[in-house]
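Numbering (the UniProt record's numbering), first residue to last: 1 to 148. Idealized CB from N, CA, C, for every residue including glycine. Source: prediction; values computed, not measured. The structure under discussion appears below in the form of structure tokens.
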Amino acid sequence: MKPSIGLCIHQLSRLWRSVLDQELATLGLTQTTGVALVYIHAEGEGIAQTELARILAVEHPSLVRTLDQLVKLELIERRACQDDRRSKRLFLTEKGKALVEPVNTVRERCQLQVMQGLSEDQATQFQHTLNLLQSNALALTERSKNPT
């Protein structure tokens, strides 16, 4: 029986996380903490926790555990939002800022290794295909939330 595309995507996702966990361990991070750190940097200082959870497509309690780890490692700071004290904003510490480039270097190296054997055109098409699948899946979830 031919494996379903969903199973293939799931297995690839698990393997990708495992590869990054192994490689980011040298920096004292995991795939989850490394990705959160990079996105806090990429989205700009002061991103709200709820916005980061939306971008990373994770539940808020899961993100809180990840952020707790980053705070414990002194890589980020949480600050209350001036407009809404209940909302927390995220800021990288100097130590956190210093890790962004090494995390990206590890991610890029792992990506090249995982995509070994694909031509540049195939890699570009693969990225396009993944984006399309993600967009289609997002549209389906939105449609199920708001049936007409």
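| First and last residue of the beta strand (DSSP E) that includes Glu-77? | Position 77 of the sequence shown, counting from 1, holds the residue named residue 77. Per DSSP, Glu-77 belongs to the beta strand (DSSP E) from 76-80.
| Pick from Lys-2, Leu-24, Ile-9 and Ser-13: whose alpha carbon is nearest that of Thr-105? | As a first step, residue 105 is located in the sequence shown; it is residue number 105 there, counting from the start. The candidate whose alpha carbon is nearest that of Thr-105 is Leu-24.
| said: What residue range does the beta strand (DSSP E) around Lys-88 cover? | reply: For the purposes of this step, residue 88 is identified with residue 88 of the sequence shown, where counting begins at 1. Here the beta strand (DSSP E) through Lys-88 covers 88-92.
| query | Would you say Asp-21 and Gln-31 are within 7 Å of each other, going by their C-beta atoms? | reply | One-based indexing of the sequence shown puts residue 21 at position 21. One-based indexing of the sequence shown puts residue 31 at position 31. Yes, the pair counts as a contact, with Cβ atoms nearer than the cut-off.
| task | Look at Val-100 and His-41 and say whether their C-beta atoms are less than 7 Å apart. | result | Taking the first residue of the sequence shown as position 1, residue 100 is located at position 100. Taking the first residue of the sequence shown as position 1, residue 41 is located at position 41. Yes, they are a contact pair.
| message | Along the chain, where does the alpha helix (DSSP H) containing Ser-144 start, and where does it finish? | response | Taking the first residue of the sequence shown as position 1, residue 144 is located at position 144. For Ser-144, the enclosing alpha helix (DSSP H) starts and ends at 120-145.
| query | Using the rule of at least 16 other Cβ atoms within 10 Å of the residue's Cβ for burial, across every protein chain shown, is Arg-89 buried or exposed? | reply | In the sequence shown, residue 89 corresponds to position 89, counting from 1. Per the 10 Å Cβ criterion, buried.
| Per DSSP, Ile-47 forms a beta bridge with which residues? | Here residue 47 corresponds to residue number 47 of the sequence shown, with the count starting at 1. BP columns for Ile-47 point to Leu-90.
| task | Note down the Cα distance separating Ser-87 from Arg-78, rounded to an integer number of angstroms. | result | Taking the first residue of the sequence shown as 1, we reach residue 87 at position 87. Taking the first residue of the sequence shown as 1, we reach residue 78 at position 78. Their backbone Cα atoms lie some 10 Å apart in a straight line.
| field | Delimiting residues of the alpha helix (DSSP H) encompassing Gly-117 | value | Sequence index remark: in the sequence shown, residue 117 carries index 117 (1-based). Here Gly-117 belongs to no alpha helix (DSSP H), and DSSP marks it neither H nor E.
| Relative to the C-alpha of Leu-70, which residue among Cys-81, Thr-124, Ala-36 and Gln-116 is closest? | Position 70 of the sequence shown, counting from 1, holds the residue named residue 70. Leu-70 has its Cα closest to that of Ala-36, out of Cys-81, Thr-124, Ala-36 and Gln-116.
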